[in-house]
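> First residue of the sequence shown? That's 898 in this note's numbering, and the numbers climb one at a time after it. Before I ask anything, let me first share the structure, which is written out below as structure tokens.
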Amino acid sequence: MSRAERKAKPRVGVLYIAIGAGRLDGALLLGSGRRARWPEDARFSLPMPPIGGEAALLEAIAAAEREMLACADKSAVCEVRVLVADSWLAQTELPWTMAMRRPAAAQASAATLIELAGFDGDWARPMSLDDAPYGLPRLAVAYPQTLIAGLERLVAALGARLGSVLPFSVAAWETIPRRGKQTLAALAILDRGLLVFAFGSGRLGEVAVRRSPPGDGESARSLRESWRRMCLRRPELAGLKSLTVIALDASAAGAPEAPFEPFDLSGGPANGLPVSLRLAARAHAVRHALDAVPQHPHPSSGTRAALALGAVLLAAMTGQLITNAREIGALATRIDEIRPAPVPVVVEPAWSRGELPRVHAVNAAIRELNLPVAAILRALQPPPEIRVAVLGIDASAVADEGTRSVKVFAEAPTGAEMARYVGFVSARRPFISAYLNKHEIVEAAAGRSFRFTLEVRWAD
């Protein structure tokens, strides 16, 4: 390839977009690691009117598309990763119920609670639910359908794929170091006219969005007042020794007093970018259930190698176990062939001729006492669609090779229902068989009927 061809070859990178409360920032990242670069000609910052609503949001995304297409001859985009200010989203906490185990029921509950919380809009479906442990409340995030549709048009125009769409709060929570990972922690995000509190124990549990007046000093004052009200509403927050503060807007930057601790996102190849894009770059590896784009993490090369090695070892162990099982089976067969078969010894009691009738009578009485009368009556009860009346039961049980039987006397209006009843009883527990001994047709004034005798058996 000639030098001219190499110069003409487009650069391929990842486009990062940060949609803030009043501004959309974007930049293209080329390369990775130490070779990562943010070209000056592939950066843009687009203002959004504070009262423009979703129409202004859609226009800003379209403008970002035009900015990137203008430099398409120099750079190509393979993936677009987006951070969205929490003020554009609907967020609520879902109390745990058993219905949360069913995705459809969880989605319906999320839509209902978001509507009851006062969020009005056309939200994309399905909504994003976090993967909280069993029994704990879940955080639900709804993204505007306008936002998702605009981003899909953007990636289609650029010939790229949409890699991730995350709220600012989730990106900050997953990437900013916090004290006490398994204890209650909190952080705050300051943007133009926006104040976001995120707190939880280990995992992000709740997000609160508050409006903040823009201007020097106003954001810090609003932060103190909002945090004071937040601690009154949730007293457990008052015991926190530190609250990490991320200022996305330069006018909101400052050094407020304790417990507020500003976090500096400067440094690295993204140092010259807006703070929101630096946060987006830090969150490039975040895979979260609240992402608007379903995340399917790809295993690394090391993971794939470990899985392949495990599969080989498992196959080898399986083959060895099969070989050992065959050898053990062959040895057991040889032992059985060599060992003489044991001769069963049966000791029959010597009963006299006079004692035998009494023994048989006692055994019959014991069998009758052990008769499961309640189970037999329940099993003989016919369903409503079979018109059969049970007239009587002969409980003189007869034992035969581990089985016992009783005779049932019943009456049916037709022969077909008599046959259906025999089939019904033969399939009922505890019976193992049922057969018809005899039947007769009885002529009466009300019509004729079939009286029959049924013998049923069950195993002891």
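We put the CB at the ideal spot given by N, CA and C, even for glycine.
Would you call the region 1276-1295 and the region 1315-1335 in contact, with 3 or more CB pairs under 8 Å?
yes
> Any idea if Y1031 is buried or exposed, counting beta-carbon neighbours within 10 angstroms, 16 or more meaning buried?
Numbered from its first residue, the sequence shown carries residue 1031 at position 134. Exposed, by the Cβ-count rule.
> Taking the straight line between their C-alpha atoms, what separation do you get for R1325 and V1339?
In the sequence shown, residue 1325 corresponds to position 428, counting from 1. In the sequence shown, residue 1339 corresponds to position 442, counting from 1. Looking at the two C-alpha atoms, the distance is approximately 28 Å.
> Counting along the chain, where does the alpha helix (DSSP H) carrying L925 start and finish?
Translated into the one-based positions of the sequence shown, residue 925 becomes position 28. Where L925 is concerned, there is no enclosing alpha helix (DSSP H), although the beta strand (DSSP E) it sits in stretches over R920 to L927.
> May I ask you to report which of helix, strand or coil DSSP gives G950?
As a first step, residue 950 must be located in the sequence shown, where it is residue number 53. In this structure, G950 counts as helix in the three-state DSSP scheme.
> Are the CB atoms of F1094 and A1105 within a distance shorter than 8 Å?
Position 208 of the sequence shown holds residue 1105. Position 197 of the sequence shown holds residue 1094. Inclusion of A1105 and F1094 in the CB contact set at 8 Å is warranted, their separation being smaller than that value.
> By a C-beta neighbour count over all protein chains shown, 10 Å radius and 16 as the cutoff for buried, is I1329 buried or exposed?
The residue you call residue 1329 lines up with position 432 of the sequence shown. Exposed.
> Suppose you measure from the CA of L1091 to the CA of A1001; what does that come to, to the nearest Å?
The sequence position of residue 1091 within the sequence shown is 194, counting from 1. The sequence position of residue 1001 within the sequence shown is 104, counting from 1. The alpha-carbon atoms of L1091 and A1001 are separated by roughly 33 Å.
> Using C-beta distances below 8 Å, list every residue in its chain close to L1176, excluding the 5 sequence neighbours before and after it, in chain order.
Taking the sequence shown and counting its residues from 1, the one referred to as residue 1176 is at position 279. Within the same chain, L1176 has close Cβ partners A915, L980, F1065, A1068, A1069, T1072, I1143, L1145 and L1162.
> May I ask which residues mark the beginning and end of the alpha helix (DSSP H) holding W985?
In the sequence shown, counting from the first residue as 1, residue 985 sits at position 88. Looking at the DSSP string, W985 is not in any alpha helix (DSSP H), and its letter there is neither H nor E.
> Using alpha carbons as the reference points, say which of P1327, D1027 and R940 lies closest to M997.
Residue mapping note: residue 997 aligns to position 100 of the sequence shown, counting from 1. Minimum Cα distance to M997 is reached at D1027.
> If we ignore side chains and look at the alpha-carbon of each, how far apart do P1254 and E1224 end up?
Along the sequence shown, read from residue 1 onward, the residue named residue 1254 stands at position 357. Along the sequence shown, read from residue 1 onward, the residue named residue 1224 stands at position 327. Taking the straight line joining both Cα atoms gives about 56 Å.
> Using the C-alpha atoms, what's the distance from F1347 back to G1336?
The sequence position of residue 1336 within the sequence shown is 439, counting from 1. The sequence position of residue 1347 within the sequence shown is 450, counting from 1. A small correction: the amino acid at residue 1336 is His; Gly does not occupy that position in the sequence shown. Rounded to whole angstroms, H1336 to F1347 spans 7 Å at the Cα level.
> How about E1224: is its Cβ closer than 7 Å to a heavy atom in the ligand GDP?
The ligand GDP is not part of the structure shown, which contains no ligands of any sort.
> Identify the continuous alpha helix (DSSP H) that holds I1011 and give its terminal residues.
Here residue 1011 corresponds to residue number 114 of the sequence shown, with the count starting at 1. Looking at the DSSP string, the run of the alpha helix (DSSP H) that includes I1011 is P1000 to L1013.
> Going residue by residue through the region 1037-1093, where are the continuous alpha helix (DSSP H) segments of at least 4 residues, counting only ones entirely within it?
1042-1055 and 1065-1072
> Counting beta carbon pairs with one atom in the region 1010-1025 and one in the region 976-995, are three or more of them shorter than 8 Å?
yes
> In the DSSP assignment, what residue or residues form a beta bridge with Y1031?
In the sequence shown, the residue the question calls residue 1031 occupies position 134. Beta-bridge pairing links Y1031 to no other residue.
> From G918 to A1205, what does the alpha carbon distance come to, in whole angstroms?
In the sequence shown, residue 918 corresponds to position 21, counting from 1. In the sequence shown, residue 1205 corresponds to position 308, counting from 1. In the sequence on display, residue 918 carries Ala and not Gly. Answer to the nearest angstrom: the Cα atoms are 47 Å apart.
> Measuring CB to CB, does P944 end up less than 8 Å from R963?
Numbered from 1 along the sequence shown, position 47 holds the residue referred to as residue 944. Numbered from 1 along the sequence shown, position 66 holds the residue referred to as residue 963. Not closer than 8 Å, so no.
> Please go through the same chain and pick out, in chain order, the residues whose beta-carbon is closer than 8 Å to the beta-carbon of D1019, but skip the five residues on each side of it.
The sequence position of residue 1019 within the sequence shown is 122, counting from 1. Hits under 8 Å: P1041, Q1042 and T1043.
> Am I right that P1171 and D922 are in contact with their C-beta atoms under 8 Å? What's the rounded C-beta distance?
Taking the first residue of the sequence shown as position 1, residue 1171 is located at position 274. Taking the first residue of the sequence shown as position 1, residue 922 is located at position 25. Right, their Cβ atoms sit about 5 Å apart.
> Find out if the Cβ-Cβ distance for the pair F1349, A1313 is shorter than 8 Å.
As a first step, residue 1349 must be located in the sequence shown, where it is residue number 452. As a first step, residue 1313 must be located in the sequence shown, where it is residue number 416. No, Cβ-Cβ distance for F1349 and A1313 is not below 8 Å.
> So is T1141 buried or exposed if we call it buried at 16+ other beta carbons inside 10 Å?
The sequence position of residue 1141 within the sequence shown is 244, counting from 1. T1141 comes out buried.
> Could you tell me which residues DSSP puts in a beta bridge with D1291?
In the sequence shown, the residue the question calls residue 1291 occupies position 394. The partner list for D1291 (beta bridge, DSSP) reads K1304.
> Give the DSSP-derived three-state secondary structure of L1274 in the structure shown.
Position 377 of the sequence shown, counting from 1, holds the residue named residue 1274. If DSSP states are grouped into helix, strand and coil, L1274 belongs with the helices.
> If we ignore side chains and look at the alpha-carbon of each, how far apart do V911 and R1058 end up?
Position 14 of the sequence shown, counted from the first residue, corresponds to residue 911. Position 161 of the sequence shown, counted from the first residue, corresponds to residue 1058. Going from the Cα of V911 to the Cα of R1058 covers about 10 Å.
> With a threshold of 6 Å on Cβ separation, who are the neighbours of A1309 within its own chain once the five nearest residues in sequence on each side are excluded?
Position 412 of the sequence shown, counted from the first residue, corresponds to residue 1309. Cβ neighbours of A1309 beyond the five flanking positions: V1285, M1315 and F1347.
> Using the Cβ count rule (16 or more neighbours within 10 Å means buried), how would you classify V1209?
Here residue 1209 refers to the residue found at position 312 of the sequence shown. The residue is exposed, with fewer than 16 neighbouring Cβ atoms inside 10 Å.
> In terms of residues, what are the limits of the alpha helix (DSSP H) holding V1319?
Numbered from its first residue, the sequence shown carries residue 1319 at position 422. It spans G1312 to S1323 - the alpha helix (DSSP H) in which V1319 sits, taken as one unbroken run.
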